[in-house]
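One structure is given below, encoded as structure tokens.
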Amino acid sequence: MREYASHSSGRGGRQHSRGFSLIESVITIVVLGVALTAVGRGLYNRIGHSSDTLWEVRALQLGQSYLDDALSLAYQENSPTGGGAVGNCVIGGRENGENNRSRYDDVDDYNGLSEQGSFLDNSVQTDYSQYQVSITVSCANATGGASVSSKLVQVQVTGPAGLQVRLAAVRGDF
């Protein structure tokens with residue numbers, strides 16, 4: 001049989017117990033609960049917005065694609081092949097037969113375009129089906145002179161949950 005020795009303080013024969021008291025345990029549980037709740041809320045807020053970056057990147061890619069398509073076209077309908085100035089800016093809009101983007105031949109054909117996001121080759125349309133693209137083209141005086149020889153192309157992409165991305169570029173008459 002084993003015998004256990006008790007520790008006494010030397011004062012009145014009292015024993016000191018080792019460990020946590022009930023009050024210390026309750027306080028520890030409360031402090032840990034508050035800390036874990038704060039950490040949990042912080043993680044929840046970050047997780048809720050973690051996909052925003054993906055939506056923004058897709059919106060930028062789509063908007064840049066539309067902007068590149070518009071800027072690659074002629075300045076105006078009467079622009080000479082190979083370039084050359086045509087005079088003051090005119091927003092003529094689409095001509096007969098230009099009923100889709102693959103038939104556009106000058107920048108101002110994009111004016112007023114509003115459609116569900118897609119690329120010209122429709123290769124990844126399903127990834128961008130939740131995006132709406134709107135384009136406006138207007139005359140812009142980039143030089144500050146009396147004549148207007150530039151067009152401002154503004155692309156707005158609206159994504160899921162109302163996310164909006166705006167891109168703009170100036171197309172000069174050259």
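Each residue of the sequence shown is one higher than the one before, starting from 1 at the first, in UniProt numbering.
Glycine included, C-beta positions come from ideal geometry on N, C-alpha and C.
Cα-Cα, which of Val34, Asn100, Ala35 is closest to Asp69? Asn100
Looking at the secondary structure, which residues open and close the beta strand (DSSP E) in which residue 194 lies? Summary: the structure shown does not reach residue 194, with the chain confined to residues 1 through 174, and so no result is reported for it.
Grab me the residues of Glu115's own chain with a C-beta within less than 7 Å of its C-beta, minus the 5 sequence neighbours each way, in chain order. Val133
First and last residue of the uninterrupted alpha helix (DSSP H) at Gln130: Run containing Gln130: none; DSSP gives neither H nor E here.
Within 8 Å, do at least three Cβ pairs link the region 103 to 110 to the region 61 to 81? yes
Take the Cβ of Tyr44 as the centre, count every other Cβ of all protein chains shown within 10 Å, and call the residue buried at 16 or more, exposed below. exposed
Does Asp173 pass the burial test, meaning 16 or more other C-beta atoms within 10 Å, or should it be called exposed? buried
Distance between Pro80 and Arg166 (C-alpha atoms, nearest Å): Taking the straight line from one Cα to the other gives about 31 Å.
Can you list, in chain order, the stretches of the alpha helix (DSSP H) that have 4 or more residues and sit fully within the region 34 to 112? 52 to 71
Indicate whether Gly117 and Leu54 have their beta-carbon atoms separated by less than 8 Å. It is not a contact, given that the beta carbons lie outside the stated cut-off.
Please identify the residue among Gln64, Glu95, Ser65 whose C-alpha is closest to the C-alpha of Asn78. Glu95
Report the rounded CA-to-CA distance for Asp109 versus Val157, giving the unit in angstroms. 18 Å
Any non-hydrogen atom of the ligand SAH within 7 Å of Ser72 CB: Of ligands this structure carries none, so the ligand SAH is not represented either.
Could you check the C-alpha separation between Tyr66 and Arg41 for me, to the nearest Å? 39 Å
Going by DSSP, which residues form a beta bridge with Ser25? For Ser25, which the question treats as bridged, DSSP gives no partner whatsoever.
To the nearest angstrom, how far is it from the Cα of Ile23 to the Cα of Ile29? 10 Å
Going by alpha carbons, who is nearest to Thr136 out of Pro160, Leu36, Leu152? Leu152
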